[in-house]
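A.B. asks: Numbering (this note's numbering), first residue to last: 60 to 218.
Note that beta-carbon positions come from the ideal geometry of N, C-alpha and C, so glycine has one too.
Remember, it's a predicted structure, so these values are computed and weren't measured experimentally.
What follows is a single structure, and I will ask about it in a moment.
See below:
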């Protein structure tokens, strides 16, 4: 188990510019500074298998468990959660992202998964936002656009 207390506008406990695989890893981030716990950069490659990332900071501006700025990332049966009231648990700002596995769980107070740009394939999982959206797809970024989002094997609940 890795614990972290990053504060300030930080780039993360794991800031990937290369190639990395995290498997069977649990990370708890007590940070509260509008940063990220894990960040994947443009042209980087990341694989997350059976990874649990939880932001436990108490701030409304707490850290985001996973930020994807680009590159290629594959997520399999992993869990991401934040208690920050104004943050999504996973933000995709670009790249090629594949999310696999019915054991994948993305949960946030503000929202679960936010897609701002890139190509995204979602093959199963649970996406939960307490206050807003489980999955939010937008083109807020004027430079980059959402190329394609494909969702399969997902059940939507409206409560």
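1. With DSSP run on the structure shown, which of helix, strand or coil describes residue 74?
2. Based on Cα-Cα distance, which residue from 175, 139, 82 and 209 lies nearest to residue 185?
3. Would a C-beta distance cut-off of 7 Å place residue 81 and residue 126 closer than the cut-off?
4. So, are the CB atoms of residue 128 and residue 101 less than 7 Å apart?
5. So, using beta-carbon positions, are residue 171 and residue 188 closer together than 7 Å?
6. Taking the alpha-carbon of residue 166 as reference, which of 142, 160, 88 and 107 has the nearest alpha-carbon?
7. What ranges does the alpha helix (DSSP H) occupy inside the region 143 to 210, keeping only unbroken runs of at least 4 residues that lie completely in it?
8. What does residue 110 pair with, by DSSP beta-bridge criteria?
9. Can you name, in chain order, every residue of its own chain whose Cβ lies under 6 Å from the Cβ of residue 135, other than the five neighbours on each side?
10. Return the residue from the list 85, 90, 119 and 74 that minimises the CA-CA distance to residue 105.
11. In its own chain, which residues sit with a C-beta less than 8 Å from the C-beta of residue 177, not counting the 5 before and 5 after it?
12. Report all residues from its chain with a CB closer than 6 Å to the CB of residue 195; omit the five preceding and five following residues, and keep chain order.
13. Bridge partners of residue 95, per DSSP?
C.D. replies: Well, looking at it:
1. strand
2. 139
3. no
4. yes
5. yes
6. 142
7. none
8. In DSSP, residue 110 forms no bridge with anything.
9. 108, 159 and 160
10. 74
11. 127, 129, 151, 152, 153, 154, 155, 156, 203, 205 and 206
12. 170 and 173
13. 123
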